[in-house]
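To start, the structure itself, in structure tokens.
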């Protein structure tokens with residue numbers, strides 16, 4: 118239903134109207150669709166969309182010529198409130214997983230070219246990892262990030278990969294696109310990702326995907342631990358528990374699970 122003119126009297130109210138309208142659409146609405154539904158002047162809508170996109174509150178999808186909500190909204194919300202739907206679904210499952218493995222459990226989502234940590238359970242071990250909610254990390258060298266990249270839609274991934282800053286964090290970081298693409302293909306085939314101390318020295322992790330209701334990747338969950346405390350063989354033995362947690366989170370969010378691989 119078209120909005121009243123009074124609803125769009127200020128830039129902030131126009132931005133809220135646009136975000137609400139985009140959220141109502143199952144597929145990304147185009148500029149013309151938004152203009153028709155919101156009854157906003159073309160110039161005002163253009164400025165509003167440009168500002169929201171620049172701030173990553175909206176994401177423009179060239180393949181659809183439409184707009185969808187940006188993942189920065191999740192990061193902002195998680196900093197302000199602790200009752201967001203994804204956290205309600207995630208928290209009991211990662212608490213249970215952390216109790217099983219006695220190590221750090223993290224959940225992350227993609228925000229453009231970065232990973233954002235949206236929840237975590239810290240290990241009670243002497244040496245802990247510090248990963249605060251809302252903190253950002255690279256996609257190409259974290260288990261969470263590589264998982265999200267591997268299961269991202271092909272057209273979106275094709276546009277995203279050339280924009281990734283493939284910077285080196287450790288001696289094992291993958292820093293060239295062909296090697297990263299090969300790694301992502303392997304992750305897709307096996308259904309999980311391994312971070313082989315690629316982001317932090319002597320810290321490795323294993324990660325699995327979390328899916329949305331449309332069957333698309335929406336987040337990932339991982340177990341991280343120091344190499345000296347948890348050998349690689351132990352890390353991979355935790356895969357069934359990790360994938361089970363990812364499956365339960367997905368189902369709680371109304372998501373659809375894709376096929377999973379097994380360790381070799």
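Residue numbers (the working numbering): 118 to 381.
Where is the CB? At the ideal position from N, CA and C, for every residue including glycine.
Check                                                                                                                        : Outcome
Any non-hydrogen atom of the ligand NAD closer than 7 Å to residue 324 Cβ                                                    : Among the components modelled here there is no ligand, and therefore nothing to report on the ligand NAD.
Reference residue 223; option with closest CA among 146, 209, 261, 186                                                       : 261
Backbone CA spacing between residue 208 and residue 236 [nearest angstrom]                                                   : 7 Å
Close beta carbons around residue 206, own chain, < 7 Å, minus the five adjacent residues each side                          : 366, 369, 370
Member of 288, 286, 287, 292 whose CA lies at the smallest distance from the CA of residue 280                               : 292
Any 3 or more C-beta pairs closer than 8 Å across the segment 289-306 and the segment 338-350                                : no
Distance CB(residue 352)-CB(residue 323) smaller than 8 Å                                                                    : yes
Cβ-Cβ distance between residue 265 and residue 311 below 8 Å                                                                 : no
Complete runs of the alpha helix (DSSP H) confined to the segment 139-212 [at least 4 residues]                              : 148-155, 159-171, 189-197
Cβ-based neighbour list, residue 286, same chain, cut-off 8 Å, excluding 5 preceding and 5 following                         : 255, 258, 315, 316, 317
Secondary structure of residue 218, DSSP reduced to three states                                                             : helix
Residues of its chain near residue 342, where Cβ-Cβ distance is below 6 Å and the 5 sequence neighbours each way are ignored : 220
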